[in-house]
Amino acid sequence: METYLQTVKEEWVKLINETDPDVHRLATELARDNATPLVAEFYRVVLADPSAAEFLTTEQVERQLQEALRRWLIDVLSCRVEQVEEQMRAQQRAADVHARIGISVDLVEMGFRVLKKLLLPVITTSAHSPEVKLHIYHYAINSIDLAMEVMSRAYVFSENNAAKEDENYRIFSLMENAEEEKERQTAALLSWEMVLLYKITLNSSIGNSLPLGQSEFGLWFSHKGRHYFSGIAEAGHISRLIQEFDDLFNEVRLTGQGLSDKAQRDKFLQRMRNTLSQIITLLRELFDEVSRHEVGVDVLTRLLNRRFLPTIFKREILHATRAGTKLSTLLIDVDKFKQINDTWGHNTGDEILRKVSGAFYDNVRTCDYVFRYGGDEFLIVLTEISEVDALRIAERIRRRVEKIKVNSPTGDIIPLSLSIGVAMFNGHPDYERLIQAADEALYGAKRRGRNCVELWKGA
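Residues in the sequence shown are numbered from 1 upward in steps of one, following the working numbering.
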């Protein structure tokens, strides 16, 4: 990669050195004078492509992307020799963002093609001689191609690393606490069945019960299980069983069809029992194939470490975008932890981190993710959750930690508290924006005096 980048740098420097200074100046002026209408037309064309519309919204384009592309075009065409290295770093940063979001390289290349196509009439209609126009076009197109080349190569590098981590996470997920997870999800299924059975027996109605797909097990399978076992036939069979039973469940609920008739009730209950028996059998077969695996887990807290955070965020943001569901991130600091650590030592600090981590697991759902994000900083991803419920969980965690009793080496009780920043997914495909929003909310909580929950309100 380094050898390749050095070669591109030499070509870019050569292009600038061999370009007449007047042509360079005219290309810069052309970019500055026409960037705004060019970019507006660019996004009009790009947003008409369904594959681009999946990642971009009109609001995002108007608020952020138009200005970013306008700045990019000016920077590339006005680039001087001493700025080449920084421009190459800028292309690599852009590639990292594209890889995080999941925008394919062919979509990026389509964007460059559209941009060059739009640039041609701007140059040909300018008030310069044909020879000067040709030189401007040669310089502009080659500059854009060099920038694109760096971006594409960096994208492929980032995407390959991301693909490896995706597969590593899938393997890790399969093997991490397999036996415990198998029993937990089996219990969740049986618990859902017992609640529904009780309602039907008592009222001959399913009442306001949740369908199987929205139960605790259903959410876990949708967000974790289906990914853990992707490509395995049994996982697809479980998905079909859930969908088929929920079709019947929703038909009974939406049509107001009662279950007072014994024959109807028995038929429904038999279908439910058969479905759950099949799911449990398939689930046990899947879990029995794997065993415990420690990679990706923080040794001290037993929480996920940051290794698989990009993989999880990319998948959950894609799910939220396609399904139209809510997504929230909590960023959490243990208040005055450094002071506690310095005063009472690392053993006491480690005990606090273990107890705080336990409070997280006790207060989130099995479809959520808990990470140790830094020394005393934690990150929680809450899937399919409203703003009200995300704040409720954050507050519940805060109150729970406030009640934890930890004795110092001298026998004193060490008071514990958390500052928590909450941010809701707003449609931006780059998960770093969501983390940044939660981080800003976290600092807002600290400014308020710590030991509180703060919601990110936006700029």
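Idealized CB from N, CA, C, for every residue including glycine.
The three-state secondary structure of D246, taken from DSSP, is helix. Taken in chain order, the unbroken stretches of beta strand (DSSP E) that lie wholly in the stretch 337–397 and span 3 residues or more are 369–372 and 377–383. DSSP places G236 in the helix class (H, G or I) of the three-state scheme. The beta carbon of F42 is closer than 8 Å to those of L69, G111, V114, L115 and L118 in its chain, skipping five residues each way along the sequence. If you ignore the 5 residues before and after F313, its C-beta comes within less than 6 Å of the C-beta of Y431, all in its own chain and listed in chain order. By the criterion of a C-beta distance shorter than 7 Å, R354 is surrounded in its chain by L300 and T301, once the five residues flanking it on both sides are discounted. Here DSSP, grouped into helix, strand and coil, assigns S328 to strand.
V356 and S230 have their alpha carbons spaced roughly 33 Å apart.
Between the alpha carbons of L418 and E234 lies a distance of about 42 Å. The Cβ atoms of D376 and V334 lie closer than 8 Å to each other. Relative to G358, the option among F249, I397 and D266 whose CA is nearest is I397.
Nearest Cα to V122 within the set M272, P37 and L416: P37.
Each residue's CA atom was taken as its position, placing L327 and V81 some 45 Å apart.
Separation of N426 and G458 (C-alpha to C-alpha, rounded to the nearest whole angstrom) is 10 Å. Contact between the stretch 331–346 and the stretch 189–196 is not established, with fewer than three Cβ pairs separated by less than 8 Å. By the Cβ-count criterion, D350 is exposed, with fewer than 16 other Cβ atoms from all chains shown falling within 10 Å of its own Cβ. In the DSSP assignment, V23 falls within the unbroken alpha helix (DSSP H) covering P21 to V46. Within its own chain, the residues whose Cβ lies closer than 6 Å to the Cβ of W12, once the five positions on either side in sequence are excluded, are V84 and L146, listed in chain order. For a cut-off of 8 Å, the C-beta gap from H24 to Y139 is around 7 Å, short enough to register as a contact. Per DSSP, L418 is one residue of the beta strand (DSSP E) stretching across L418 to M424. The beta carbon of I238 is closer than 6 Å to those of I279 and L282 in its chain, skipping five residues each way along the sequence. E454 has G421 as its beta-bridge partners, per DSSP. According to DSSP, D333 shares a beta bridge with E377 and S419. The straight-line gap separating the alpha-carbon atoms of G213 and L197 is approximately 17 Å. Under a 10 Å Cβ-count criterion, K405 is classified as exposed, with fewer than 16 other Cβ atoms of the shown protein chains found around its own Cβ. In the structure shown, the three-state DSSP call for L282 is helix. Between the alpha carbons of V453 and D106 lies a distance of about 42 Å. When the Cα atoms are used, M88 and V150 turn out to be separated by approximately 7 Å. For the pair F268 and V46, the Cα-to-Cα distance works out to about 50 Å. Nearest neighbour of N203 by Cα position, chosen from L30, S260 and Q185, turns out to be S260. Of the other Cβ atoms in all chains shown, fewer than 16 fall within 10 Å of the Cβ of Q270; this residue is therefore exposed.
In terms of CA proximity to V195, P211 leads the group E180, E181, K182 and P211. Looking at T3, H227, I393 and T329, the one whose alpha-carbon comes closest to that of L442 is T329. Of the other Cβ atoms in all chains shown, fewer than 16 fall within 10 Å of the Cβ of A263; this residue is therefore exposed.
By the criterion of a C-beta distance shorter than 6 Å, L331 is surrounded in its chain by L379, G421, A438, D439 and L442, once the five residues flanking it on both sides are discounted. Rounded to whole angstroms, the gap between the alpha carbons of W72 and I393 is 41 Å.
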